[in-house]
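J.: For the sequence shown, numbering that gives the first Met the number 0 begins at 0 and goes up steadily by one.
Sending over a structure as structure tokens; questions will come in a sec.
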Amino acid sequence: MRWAPTEMHGDDVKLEPAWDGHCHLGPVPGRTPEEKATTLIEYGSRLRVERFVLFMGWPFAYDPSPAELRRQNDQVLQAISHWQDRLFAYCYVNPKQVEASRKEILRCVRDGPMVGLKLWVAVRCTDPRVRELVALAAELQAVVFQHTWLKSTGNLPGESTPEDLVRLAREFPRVTFICGHAGGNWKRALYEIKDQPNIVVETAGFDPTAGFVERAVALLGANRVIFGSDTGGRSLASQLGKVYGAAVDDGARRAILRDNLRRLLEPAVQRKGFHPW
Ligand SMILES: [Zn+2]
């Protein structure tokens with residue numbers, strides 16, 4: 000099947016307000032979390048990206064110790080403390096360190112400003128230790144972001160596949176899970192997650208390939224697709240291009256760029272007693 004590109008010619012592109020659900024400050028220029036956050040917000044202002052979700056500090060750590068988890072979450076807390084109207088954050092957790100991760104969730108989500116969990120590659124999400132952390136997220140109405148990939152060269156030992164995420168999501172039907180990177184191999188991932196309604200797919204962090212957003216909307220519905228860039232590891236413009244270049248209607252585009260993420264974060268934000276939008 001051929002995908003018809005939408006009509007876009009340079010300055011004619013009408014930018015919609017966007018929320019970026021996937022950012023890391025590490026690669027963004029700046030010496031401190033505050034400087035990096037300021038740079039990111041400036042980049043966003045050029046492309047009408049109004050809000051960003053941050054998670055993990057730097058340098059990237061696959062299997063962080065309790066002290067490193069705390070240090071990285073502190074970097075993010077420091078960054079967002081100056082920009083509560085522009086920045087959200089998810090708490091980085093390591094299921095190999097269940098007790099330390101529980102403490103971080105209580106500190107950063109229950110008692111702090113964070114609104115979700117970030118699970119990366121320490122263990123696959125079918126590991127029983129993950130459930131303990133997800134159960135705590137459920138109590139706090141926080142979303143759960145799981146990095147997923149299907150690498151042709153083989154995944155890391157602790158790297159989850161979209162199918163792993165389906166197994167976890169089945170056990171927690173009231174929690175919203177974000178399938179990070181659409182599994183990389185989105186053609187397979189979309190089929191695997193489509194019948195699990197509490198999984199949304201996100202667009203971040205692989206090359207912009209024609210047909211992805213259209214296929215995601217066709218299989219999952221526009222309200223289960225959210226925009227994320229993986230900036231500073233990826234450029235905002237190339238990642239936004241996936242959504243602006245997709246042959247979907249304007250309502251779907253607005254939902255993907257902003258409205259879906261706003262809806263998903265609303266319960267956790269309201270729990271904190273403020274309503275910033
Ligand atoms: Zn990322």
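Even glycine gets a Cβ: it sits at the ideal position worked out from N, Cα and C.
From a predicted model like this one, the values you see are computed outputs, not experimental measurements.
(1) Among Glu158, Val92, Phe87, Gly244, which residue has its Cα nearest to the Cα of Gly20?
(2) Within the structure, which residues are defined as neighbours of ligand 1 by a Cβ-heavy atom distance below 6 Å, reported in chain order?
(3) What are the boundary residues of the alpha helix (DSSP H) that includes Asp19?
(4) Under a three-way DSSP split, which group does Cys178 fall into?
(5) Can you tell me whether DSSP reads Ala88 as helix, strand or coil?
(6) Can you grab the Cα-Cα spacing for the pair Ala134 / Phe51, in whole Å?
(7) Using C-beta distances below 6 Å, list every residue in its chain close to Ile198, excluding the 5 sequence neighbours before and after it, in chain order.
(8) Are Asp126 and Pro94 closer than 8 Å when you measure CB to CB?
(9) Taking DSSP as the reference, what is the three-state secondary structure of Leu53?
(10) Output the residue ranges of the alpha helix (DSSP H) runs that lie fully inside the stretch 149-232 and measure 4 residues or longer, sorted by chain position.
(11) Bridge partners for Lys117 per DSSP, in chain order?
(12) Measure the C-alpha to C-alpha separation of Val92 and Phe54 and round it to an integer number of angstroms.
(13) Taking the alpha carbon of Trp185 as the reference point, which residue from Leu219, Gly25, Val174 has its own alpha carbon closest?
(14) Give me the Cα-Cα distance between Ala215 and Ala246, rounded to the nearest whole angstrom.
T.: On the basis of the data shown:
(1) When Glu158, Val92, Phe87, Gly244 are compared, the shortest CA-CA separation from Gly20 is found for Phe87.
(2) Proximity to ligand 1 was defined by a C-beta distance below 6 Å to any of its heavy atoms, and the residues meeting it, in sequence along the chain, are His21, His23, Gly204, Asp229.
(3) Here Asp19 belongs to no alpha helix (DSSP H); instead the beta strand (DSSP E) covers 17-22.
(4) Shown here, Cys178 sits in a strand according to DSSP, grouped into three states.
(5) In this structure, Ala88 counts as strand in the three-state DSSP scheme.
(6) In a straight line, the C-alpha of Ala134 is about 25 Å away from that of Phe51.
(7) For Ile198, where only same-chain residues beyond five positions count, the Cβ hits under 6 Å are Ala168, Phe176, Cys178, Ile192.
(8) In this structure, Pro94 lies closer than 8 Å to Asp126 by Cβ.
(9) Strand.
(10) Runs of alpha helix (DSSP H) with 4 or more residues, each lying fully within the stretch 149-232, are found at 161-170, 185-192, 211-219, listed in chain order.
(11) Paired residue(s): Tyr91, Phe144.
(12) Going by C-alpha positions, Val92 is about 10 Å away from Phe54.
(13) For the residues Leu219, Gly25, Val174, the minimum Cα distance to Trp185 belongs to Leu219.
(14) About 12 Å.
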